[in-house]
Every structure is written in structure tokens, then in C-alpha cells.
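These protein sequences, in sequence, are chains A and B.
Quick note on the numbering used here: the first sequence kicks off at 745 and runs consecutively.
Quick note on the numbering used here: the second sequence kicks off at 14 and runs consecutively.
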Amino acid sequence: MTTAPTPLWEVFVRPVRGTNHVHVGSLHASDATLALQNARDLYTRRSEGVSIWVVPSAAIVASSPDEKDPYFAPAGDKPYRHPTFYTIPDGVEHL
Amino acid sequence: MSESALSAAPAAPTADIAEYAIRLGDDALILAQRLIEWSAHAPQIEEDVALANIALDLLGQARSLLSYGGSYSGKSEDDLAFLREERRFHNVQLVELENGDFAVTMVRQLLFSAYQYELYRTLESSADSQLAAIAGKAVKEVAYHVEHAGSWVLRLGDGTELSHQRAQAALETVWPFSHELFADDELAGRIADRGVGPLPSLLRDGWLGSVQPLLTEATLTLPEDGWRPSGGRSGLHTQAFGYLLAELQHLHRSHPGASW
């Protein structure tokens, strides 16, 4: 008997209320409910979280390593995009 | 459990309560031992961890119950787990059944966890405060066990033709052993009279109410209630139990006091 590979899921856990869900890893599960249960067992058994998201890995669109230069390199020499680039003039209050 | 944790107990158990606690502790201990046999053998690594988690929850319950029950006669949890003979274990036969295939393991887990859920929910208001505290902690763990096993029984029963066939066969295998969970005896009667624990037979309606709809949804047919094997509560066990016990006790008996 041949079996289809079990789908892969990406797991996001929110550690405490008010913070973002953070990617913690991935796992296999045949459907969404079992993916949530597996995530609970694998990633929150030491009280790591208060909320879990699971997303089919296939649904994630990722940037390609080949596009690294056009995507990310141009930002490298533009420090003025950081607020810390600017010096605050003397006498400016409430900034 | 450490001595300091035990000293927090309001009072030592009576002989009956001690025997009752050991009985419930044996159920949890033996099923934990069965479940860890899946370690490194489960169908997926994710399920491997899930089963180990459930086994550890059960082991934790067993430790609390055996420590409390043993405190009556000055025995530790280790004395009770590792140094009793087969006939002195009072777990139901259901929990010692061999794992079989994954379907047998999951059906057994569903039937047992659903029973434990009804039991612990009632025990939360036990006249014995120590048992009430143990049940209050365990009931949350068991609610998840029911959910996990239920999810799998649903998918196996209402899955492929082959998985349905095996899930139905598993149900036929395990079902007769569920009756012992709800069998009353003298000890259970005295425990109920004193408001310490529920009469087992009174738990069956609630249990059936949670198990039956799920089995129906899983397209499984409830076996007819015919054969009702029993004896575990009085120390009579199936052939498979001796092998389980040998594996459980071997290390401690070969190297008394070993720790790591």
C-alpha cells in the first residue's frame, strides 16, 4: 500500500497575551485539527504559549534566495531610512 | 511524591480510601506503561510525542494516587509500583490489554479517558480533600486525552475502508473490557456511602453519552453487550499482564534503589 506524504504545517505560537505569534517550527499532520493538537504537544508542553496558529506550509509564499540582491541589497546603503540617522535639533521638545 | 508534599495532606487515608486510591493509581500506572511502548514506534514522530505526553500525565496521576494510598501502610510509590506481585495489582483488565495496532490503542484510550473524565469530575467534590485535589488537577489533562483519542477514532473509523475495518475490529476487541470500569463491588459501595467517590455503575450513562455519539460519527457500530470479562479489581489479570509487569519491575528488582 502506498500512502501520500502527510502534509507539512508551520506553527506559530504567541507566548503571552498582547505579543505577536512567532514562528516556532513545523510538523506533519493529516489535517488542521490534528496539526493543532500536534502543535500543542510539540511546542507548548512547557507553558510556552497561550495561542497557536498552524498554517499549511504549501500556503506560504517565500522570497527566493536568487532574488536576494534585488530584494534586500538596495536597503543596505540607505541608513537615512532609520530614524536614528537624524540628529534632533537643540531646543526641540516632546519628540 | 516527596514527604513534604505528603505532609500537606490534611489527614492520612483510611484503609478503604487507601485501597481505593491504589486501585485508581494502578489503572493510571499500567496504562502509562502500555503507552510508552509506543515510544519510537508510533506512526509519526508527532504522535510519538503525543502518546508519551499522555503516558506522562497518567504516570503523574499514578504517582499522586499511589503515594497517597501507600501512606496508610507506610509504603512508597516505588514500593507499590515495583515490588508488588501480579495478584496485588487491582487495575482493570482494560488498561493492560496489549497495544495491538494503532486503532486498538486509540479506541482503548478513548474508552478509558472518557471514563476517567467522568470519574475525576465527580471526585473533584470528594469528601476526601486529597483525592479531590488530585482529581482537580487530572481532569484537565484527561479532557485533552479524550479530545486527542476521539480525533483519531473519528479519522480511523470514518477514513479509508481499511482503517474503518481495523477501527471496528479494535472496538470489538476492547469494548467487552469496558464493562469492568463500571462494575460495583463492596469497596466501591463503602467509598460511595462515605461520599468519597462515585459508585462506578453510576458513571456509565455519562460515559456512554460522550462515547456513543463519537463512535456513531466515526461510522462504527457499537458491539453488543455480551461477554463481560472482569477480575482485575480483585487481582486477576490477563496473560499479557505478567510480561508488562516484568518489564516495569525488572530494573528496580535487579538493582534495588537504582536511580539516575
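C-beta atoms are modelled at their ideal positions from N, C-alpha and C, and glycine is treated no differently.
Counting C-beta pairs with one atom in each stretch, the stretch 185 to 197 of chain B and the stretch 119 to 127 of chain B have three or more that are closer than 8 Å, which means they touch. DSSP links Glu754 (chain A) through a beta bridge to A:Ser770, A:Val799. For Thr831 (chain A), not one C-beta of chain B is nearer than 9 Å to its own C-beta. For Ala63 (chain B), same chain residues with a beta-carbon under 7 Å away, outside a window of 5 residues either side, are His161 in chain order. Interface annotation, His772 (chain A): in contact with chain B, CB-CB separation under 9 Å. When the five nearest sequence neighbours on each side are left out, the beta carbons in the same chain lying within less than 7 Å of the beta carbon of Gln262 (chain B) are those of Phe95, in order along the chain. Counted as a single uninterrupted DSSP element, the alpha helix (DSSP H) harbouring Ser191 (chain B) occupies residues 174 to 191. In this structure Leu249 (chain B) is not in contact with Val166 (chain B), their Cβ atoms being roughly 29 Å apart against a cut-off of 8 Å. In terms of CA proximity to Ile147 (chain B), B:Leu136 leads the group B:Tyr128, B:Tyr157, B:Leu136. Rounded to the nearest whole angstrom, the C-alpha separation of Ala25 (chain B) and Leu107 (chain B) is 30 Å.
Glu109 (chain B) is a Cβ neighbour of Thr251 (chain B), given a cutoff of 9 Å. Under the DSSP assignment, Arg97 (chain B) falls outside any alpha helix (DSSP H); it carries neither an H nor an E label.
At least one beta carbon of chain B lies nearer than 9 Å to the beta carbon of Arg784 (chain A).
Secondary structure of Gly149 (chain B) (DSSP, three-state): helix.
DSSP, read as helix, strand or coil, puts Ile49 (chain B) in helix. The three-state secondary structure of Gln57 (chain B), taken from DSSP, is coil.
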